[in-house]
Amino acid sequence: MINELLNMNGYGLYVWSAFSFTLLSFLTLYSVAKVQYIRERNKFIAKYGSLDAQKARVARTQTINQEILSGSQSI
Amino acid sequence: MFKLFASSNIFFWIEKLISFINSIFFVLLLVALSFALIFSPPDYLQGDSVRIMYVHVPSAWIGLASFTSIALLSIANFIFKIKNIKLVTKSIAPIGLMFTCLAIVTGSLWGQPTWGTWWAWDARITSMLIFLMKYNTELIKLKNKGLDRL
């Protein structure tokens, strides 16, 4: 049963290589994405402080902030 | 749509999305691998080599979809000037590169037992190679210029 699964009628080398390469790529991508995400989040926090969504929502409702932000779309 | 890309919201939604994906990833992976490698029958013509198609075809589609997304988001950024779109575009590029690379490698692994060759200079394969080069160029550009100076 296991030999059949590994051999796959002679195609085992190709099939297992393809699936192994895929899983290895997923792991690499996950690591790269995680590192990139942490880097971007740190950059964001360094630039804007620890402003969470709740505080930002409150800040956005204040008239003075709306007037200040009305002319700056590309923050 | 625009609120989703707002600076204060984007990381909040990303954290939620990552938690959701992490919670279902391993279950889906196990189910998919079981069906791809054990339960699905061999093809009458290609035999067991058809199992490579279960990773090759989605990889190619995701590679192409990533490229389309980058193009559409770049147009949106050009029009609306939302800085976080650049962030999304920068994040999509390595994903597209990896899936395009996967499509080429798994296609090559499928080609050897089926066509008797690892590589053929036909339109489909060559265009994927061109996509791979474009992704590399995009990533090198992002790495050299940095997000702020794009």
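Note that the protein sequences, when read in sequence, are chains H and D. Counting in our numbering, the first sequence runs from 1323 upward without gaps. Counting in our numbering, the second sequence runs from 479 upward without gaps. Built from N, CA and C at the ideal position, the CB exists for glycine as well. Small disclaimer: the values here were computed from a predicted structure and weren't measured.
Is residue i close to chain D? Criterion is C-beta to C-beta, closer than 8 Å.
i: residue 1327 of chain H; result: yes
i: residue 1380 of chain H; result: no
i: residue 1357 of chain H; result: no
i: residue 1331 of chain H; result: yes
i: residue 1353 of chain H; result: no
i: residue 1361 of chain H; result: no
i: residue 1404 of chain H; result: The displayed coordinates of chain H run from 1323 to 1397. Any statement about residue 1404 of chain H would go beyond what the structure contains.
With a threshold of 8 Å between beta carbons, is residue i in contact with chain H?
i: residue 576 of chain D; result: yes
i: residue 519 of chain D; result: no
i: residue 573 of chain D; result: yes
i: residue 597 of chain D; result: no
i: residue 489 of chain D; result: yes
i: residue 509 of chain D; result: no
i: residue 617 of chain D; result: no
i: residue 569 of chain D; result: yes
i: residue 602 of chain D; result: no
i: residue 557 of chain D; result: no
i: residue 527 of chain D; result: yes
i: residue 542 of chain D; result: no
i: residue 523 of chain D; result: no
i: residue 516 of chain D; result: yes
Which residues mark the beginning and the end of the alpha helix (DSSP H) in which residue i is found?
i: residue 513 of chain D; result: That residue, residue 513 of chain D, is in no alpha helix (DSSP H); it is neither H nor E in DSSP.
i: residue 1361 of chain H; result: 1334-1370
i: residue 585 of chain D; result: 561-593
i: residue 547 of chain D; result: 531-558
i: residue 614 of chain D; result: 601-623
i: residue 1329 of chain H; result: 1324-1329
Give me, in chain order, the residues of the same chain whose beta-carbon lies closer than 6 Å to that of residue i; leave out the 5 immediate sequence neighbours on both sides.
i: residue 538 of chain D; result: 581
Counting only the same chain and skipping the five closest in sequence on each side, list residues whose C-beta sits under 8 Å from that of residue i.
i: residue 598 of chain D; result: 589
i: residue 592 of chain D; result: 524, 527
Leaving out five residues on either side along the sequence, give the residues of the same chain with a beta carbon under 7 Å from the beta carbon of residue i.
i: residue 1357 of chain H; result: none
i: residue 578 of chain D; result: 541, 606, 609, 610, 613
i: residue 1364 of chain H; result: none
Per DSSP, what are the beta-bridge partners of residue i in this structure?
i: residue 521 of chain D; result: D:525
Given 7 Å as the limit, tell me if residue i has its C-beta closer than that to any heavy atom belonging to the ligand HEM.
i: residue 550 of chain D; result: The model on display carries no ligand, and the ligand HEM is accordingly not part of it.
Handout entry: Contact the stretch 582-602 of chain D vs the stretch 542-558 of chain D: 3+ CB pairs below 8 Å
Key = no
Practice task
Count the CB pairs spanning the stretch 543-553 of chain D and the stretch 498-513 of chain D that are closer than 8 Å, and state whether there are at least three.
Solution key: no
Problem - Segment contact, 8 Å Cβ cut-off, at least three pairs: the stretch 565-573 of chain D with the stretch 599-619 of chain D - result: yes
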